[in-house]
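J.: There's a structure below that I have some questions on.
Residue numbers (the UniProt record's numbering): 1 to 66.
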């Protein structure tokens, strides 16, 4: 899966494991964002582009009249 922040496919895999807990975390090597992927849904842990207006545009709700 591509980085949800910059769209790059370059990443490092970080595996966190403790007894019965396991989580696969990815760190984008292009924009330094950290995210987890679960069932093809990316959850951003650290958004390196948080103050960018482009990052905020994806969080807006759009309503279009028919």
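Glycine included, every Cβ here is placed at the ideal spot set by N, Cα and C.
1) Please report the residue range of the beta strand (DSSP E) in which residue 27 lies.
2) Using a 10 Å radius around the Cβ and a threshold of 16 neighbouring Cβ atoms, would you call residue 5 buried or exposed?
3) Could you please give the first and the last residue of the uninterrupted beta strand (DSSP E) stretch that includes residue 36?
4) Round the Cβ separation of residue 33 and residue 25 to the nearest angstrom and send it over; I've been treating them as touching at under 8 Å.
5) Considering only residues of the same chain and omitting the five flanking positions on each side of residue 2, which have a CB-CB separation below 7 Å?
T.: Let's see:
1) Start at 1 with the first residue of the chain shown, and residue 27 comes out as number 27. Unbroken beta strand (DSSP E) run through residue 27: 21-28.
2) Here residue 5 refers to the residue found at position 5 of the chain shown. Buried: at least 16 other Cβ atoms inside 10 Å.
3) Taking the chain shown and counting its residues from 1, one reaches residue 36 at position 36. Here the beta strand (DSSP E) through residue 36 covers 34-38.
4) Taking the chain shown and counting its residues from 1, one reaches residue 33 at position 33. Taking the chain shown and counting its residues from 1, one reaches residue 25 at position 25. With 8 Å as the limit, residue 33 and residue 25 do not qualify as a contact, their Cβ atoms being about 11 Å apart.
5) Along the chain shown, one-based indexing puts residue 2 at 2. The answer, listed in chain order, is 8, 9.
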